[in-house]
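This note's numbering runs 21 ahead of the 1-based position in the sequence shown. Think of the CB as a built atom: it goes at the ideal place given N, C-alpha and C, for glycine as much as any other residue. As structure tokens, the structure follows; a few thoughts come after it.
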Amino acid sequence: MPLAAGAPRSTAEAPQPPSLPLGADPPAVAEPLVGTFSATIRTWDTSVTAVRMDQAEAMHDLLSAGLGWKSSGHCVDADRRTCTSLDDIRYGTLMQAIDLKRSSGCPIIVTGGTEKGHAGGYFSHRNGFKVDIAHNACVDSYITKTYRFWKVRGDGADLYRPPPAPGPPSDPDVYADEPTHWDILFH
22 MPLAAGAPRS
32 TAEAPQPPSL
42 PLGADPPAVA
52 EPLVGTFSAT
62 IRTWDTSVTA
72 VRMDQAEAMH
82 DLLSAGLGWK
92 SSGHCVDADR
102 RTCTSLDDIR
112 YGTLMQAIDL
122 KRSSGCPIIV
132 TGGTEKGHAG
142 GYFSHRNGFK
152 VDIAHNACVD
162 SYITKTYRFW
172 KVRGDGADLY
182 RPPPAPGPPS
192 DPDVYADEPT
202 HWDILFH
């Protein structure tokens, strides 16, 4: 299933020009042709952020959105530390990772998900709230210029958060700059 149940999706497709007979010249046009294109616009249903996805659904949505996936153990088993699992990830977490790719225009490669080996707690990898993404110059620049430096975590990682949004206070996302990747908490 490409999007979680109830997630709206719309597809708009421009009409295709008629075919010309073999060997025929195209008709003269007073104005230059702009061309045709197909566009798919996907949105996600924010009312189902807490819905859990299985590995197949999450991987399909991740790859369909143009994100990459990498596992040091070349596996997806959530019970093995060397795997990169998306099993039981929150729908909202995955969609926010996809939104990060869309808003930044950067290549995003997920290197950590719900597998064993991460710190515990309620807002943890295992509980589907966090993903790790590989460093690259584009995403590093985007995060450090778009989000505000907040503080240094106990392990030395610089933490970045979005500026406060108007309205009632909410828990902001946190981007932790670890040596080999970004450790991202999506609320």
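For residue 112, count the other beta carbons within 10 Å of its own beta carbon; 16 or more makes it buried, fewer makes it exposed. Which is it? Along the sequence shown, one-based indexing puts residue 112 at 91. By the 10 Å Cβ count, residue 112 comes out buried.
Go through its chain and collect everything with a Cβ distance to residue 71's Cβ below 8 angstroms, but skip five positions before and after it. For the purposes of this step, residue 71 is identified with residue 50 of the sequence shown, where counting begins at 1. 111, 112, 113.
Element boundaries [alpha helix (DSSP H), containing residue 123]: Translated into positions along the sequence shown, residue 123 becomes position 102. From DSSP, the alpha helix (DSSP H) with residue 123 extends over 112-125.
Note down, in chain order, each residue of its chain lying with its Cβ closer than 7 angstroms to the Cβ of residue 164, except the 5 sequence neighbours on either side. As a first step, residue 164 is located in the sequence shown; it is residue number 143 there, counting from the start. The residues are 181, 196, 203.
Given that a residue counts as buried once 16 or more other Cβ atoms are within 10 Å of its Cβ, and exposed if not, what is residue 146? Taking the first residue of the sequence shown as position 1, residue 146 is located at position 125. Buried, because 16 or more other Cβ atoms sit within 10 Å of the Cβ of residue 146.
If you draw a straight line from the alpha carbon of residue 132 to that of residue 154, how long is it in whole angstroms? As a position in the sequence shown, residue 132 is number 111, starting the count at 1. As a position in the sequence shown, residue 154 is number 133, starting the count at 1. Straight-line Cα distance between these residues: approximately 5 angstroms.
Sequence ranges, beta strand (DSSP E) only - wholly within the stretch 119-196, length at least 3: 130-133, 151-155, 169-173, 179-182
Where residue 204 sits in the DSSP three-state scheme: Locating residue 204 in the sequence shown gives position 183, counting from the first residue. Reduced to three states, the DSSP call for residue 204 is strand.
Which residues DSSP lists as bridging residue 89, in chain order: Against the sequence shown, residue 89 aligns to sequence position 68. DSSP output for residue 89 lists 130 as bridge partner(s).
Looking at the strands, I want to know which residues DSSP matches up with residue 102. On the sequence shown, residue 102 is found 81 positions in, with the first residue counted as 1. Answer by DSSP bridge pairing: none, since residue 102 is not bridged.
With a 10 Å radius around its C-beta and 16 neighbouring C-beta atoms as the bar for buried, classify residue 149 as buried or exposed. What you label residue 149 is simply residue 128 of the sequence shown in a count that begins at 1. It is buried - the Cβ of residue 149 has at least 16 other Cβ atoms within 10 Å.
With a Cβ-Cβ cutoff of 8 angstroms, do residue 212 and residue 121 count as a contact? There is simply no residue 212 to check, as the chain begins at 22 and stops at 208 in what is shown.
Let me know the secondary structure DSSP gives residue 82 once reduced to three states. The residue given as residue 82 occupies position 61 in the sequence shown. It is helical.
I'd like the list of long-range same chain contacts for residue 103, defined as Cβ closer than 6 angstroms, with 5 residues on each side in sequence excluded. Working through the sequence shown from its first residue, we reach residue 103 at position 82. Once the five neighbours on either side are set aside, the close Cβ partners of residue 103 are 93, 94.
CB-CB under 6 angstroms to residue 74, same chain, minus the five flanking residues each way: which ones, in chain order? Residue numbering aside, residue 74 sits at position 53 when the sequence shown is read from its first letter. Cβ within range, chain order: 110, 112.
Distance, residue 205 Cα to residue 175 Cα: Within the sequence shown, numbered from 1, the residue matching residue 175 stands at position 154. Within the sequence shown, numbered from 1, the residue matching residue 205 stands at position 184. Using only the alpha carbons, I get a separation of about 16 angstroms.
Sequence-distant residues of the same chain with beta carbon closer than 8 angstroms to residue 170, five excluded per side: Within the sequence shown, the letter at position 149 stands for residue 170. Correct list, in chain order: 179, 180, 181.
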